[in-house]
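Here this note's numbering is used: the first residue of the sequence shown is 169, the next is one more, and so on. Please read the structure below before turning to the comments.
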Amino acid sequence: MSAASLFSGFTPLALAVMAAGLLLASLARGYSGFGFSALLVSSWSLVTEPARAVALALVMEVTASVIQAFSIWRAIPWRRVAYLMGGAALGTPAGVWLLAEAPPEAMKLGIALFVLVAAIALLVGFRLARQTGAAGVAAVGVVSGVANGAVAMGGLPVALFFTADGDSPARMRAALIAYFFLLDLMGLAFLAREELVKMETFGYAVVALPVLVIGMWLGTRHFLGATAESFRRTTLWILIGLALVGIGRVALPAG
Numbered sequence: 169m170s171a172a173s174l175f176s177g178f179t180p181l182a183l184a185v186m187a188a189g190l191l192l193a194s195l196a197r198g199y200s201g202f203g204f205s206a207l208l209v210s211s212w213s214l215v216t217e218p219a220r221a222v223a224l225a226l227v228m229e230v231t232a233s234v235i236q237a238f239s240i241w242r243a244i245p246w247r248r249v250a251y252l253m254g255g256a257a258l259g260t261p262a263g264v265w266l267l268a269e270a271p272p273e274a275m276k277l278g279i280a281l282f283v284l285v286a287a288i289a290l291l292v293g294f295r296l297a298r299q300t301g302a303a304g305v306a307a308v309g310v311v312s313g314v315a316n317g318a319v320a321m322g323g324l325p326v327a328l329f330f331t332a333d334g335d336s337p338a339r340m341r342a343a344l345i346a347y348f349f350l351l352d353l354m355g356l357a358f359l360a361r362e363e364l365v366k367m368e369t370f371g372y373a374v375v376a377l378p379v380l381v382i383g384m385w386l387g388t389r390h391f392l393g394a395t396a397e398s399f400r401r402t403t404l405w406i407l408i409g410l411a412l413v414g415i416g417r418v419a420l421p422a423g
């Protein structure tokens, strides 16, 4: 399967949208450790089927985590990641049930509005009084699992939590990368079971890999030069942007 055959059905404008979305998503992933899937799926869904974009996003997320693993391994707070995954394992079935029972657009809008309001509150100075314990971290994992199972937005609550919790930028970024690696593997298993991961998915991934590497390298360089406060503020602005993208996708659906 050649690159030409993969992209033969797209106009030059569509290809430009896909390339720009991929680069922006890669920059965000390299800098903050999150945001890749939301940005890629939001941009690619403008010009192609959402299922194709979601499958590619998960493959690229796992690839990105493998690429970043060596540089962040020592900073990963494994205990917190384990609590998050335990909570997510409990929350995901509830999210899948909600997916079948509740209007998905209303849920997406609710989560995006919550993240938007909370991120603005953090931006103007709100912080948690003390670092959250095991039960609190697991509860965040449950919320993330519900959001992930219902509307594939499980990353935003976790990123918001770490920003409010006051952990160091290096530990926060490492925790997000490790958590999303495990969460995305679980997501890929569900997609594969539904036969939504195809050979073309890996073809797109091979073509996208150089852009992913370049974007992540640029994002990581910016992270290494950031102070703790500038990292926190930039992360909050990314969250606000992603929330607005989510609200926009509900208000102005593609097609």
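A virtual CB, placed ideally from N, CA and C, is assigned to each residue, including glycine.
Contact check for L324 against V283 passes: the beta carbons are separated by less than 8 Å. In the three-state DSSP reduction, R298 falls in the coil class, being neither helix nor strand. A distance below 7 Å between beta-carbons, with the five flanking residues on each side excluded, links S210 to the following residues of its chain, in chain order: V413 and R417.
One thing to note: A262 has its Cβ no nearer than 8 Å to the Cβ of V305. The three-state reading of DSSP puts K276 in helix, counting H, G and I together. A direct Cα-to-Cα measurement between T369 and S213 gives close to 15 Å. Look at the region 283-367 and you find these whole runs of alpha helix (DSSP H), each 4 residues long or longer: 302-319, 323-333 and 337-361.
Per DSSP, the continuous alpha helix (DSSP H) segment holding F204 begins and ends at F204 to W212. In the three-state reduction of the DSSP assignment, S233 falls in the helix class, which pools H, G and I.
Put simply, of V365, A307, F204 and R361 the residue whose alpha carbon is nearest the alpha carbon of L258 is A307. Taking M321 as the centre and dropping the five residues before and after it, the same chain places the C-beta of I279 and A315 closer than 6 Å to its C-beta, in chain order.
When Cβ pairs closer than 8 Å are counted between the two stretches, the region 236-248 is seen to touch the region 333-341, the count reaching three or more.
For A237, the closest of V227, S205, L208 and G201 by C-alpha to C-alpha distance is G201. In this chain, F175 is not harboured by any alpha helix (DSSP H), its DSSP state being neither H nor E.
A distance below 8 Å separates the beta carbons of A286 and L328. With a threshold of 16 other beta carbon atoms within 10 Å, M367 falls short and is exposed. Excluding residues up to 5 positions away in sequence, T331 lie with their Cβ nearer than 7 Å to the Cβ of R400 in the same chain. With 16 or more other Cβ atoms from the protein chains shown falling within 10 Å of its own Cβ, E229 counts as buried. When the five nearest sequence neighbours on each side are left out, the beta carbons in the same chain lying within less than 6 Å of the beta carbon of A411 are those of A280, V283 and L284, in order along the chain. Boundaries of the alpha helix (DSSP H) harbouring P180: P180 to S200, taken from the DSSP string.
Of all C-beta pairs linking the region 345-362 to the region 289-304, fewer than three are shorter than 8 Å, placing the two stretches out of contact. Here L386 has L195 and G198 as same chain residues with Cβ atoms under 7 Å from its own Cβ, once five neighbours each way along the sequence are excluded. Put simply, the backbone Cα of I406 is about 11 Å away from that of A206.
In the three-state scheme derived from DSSP, where H, G and I count as helix and E and B as strand, E269 is classed as helix. Distance between L290 and A250, taken at the CA atoms: about 25 Å. Using a Cβ distance threshold of 8 Å, A221 and L208 count as a contacting pair.
The beta-carbon distance between G334 and Q299, rounded to whole angstroms, is 6 Å. This is short enough to meet the 8 Å contact definition.
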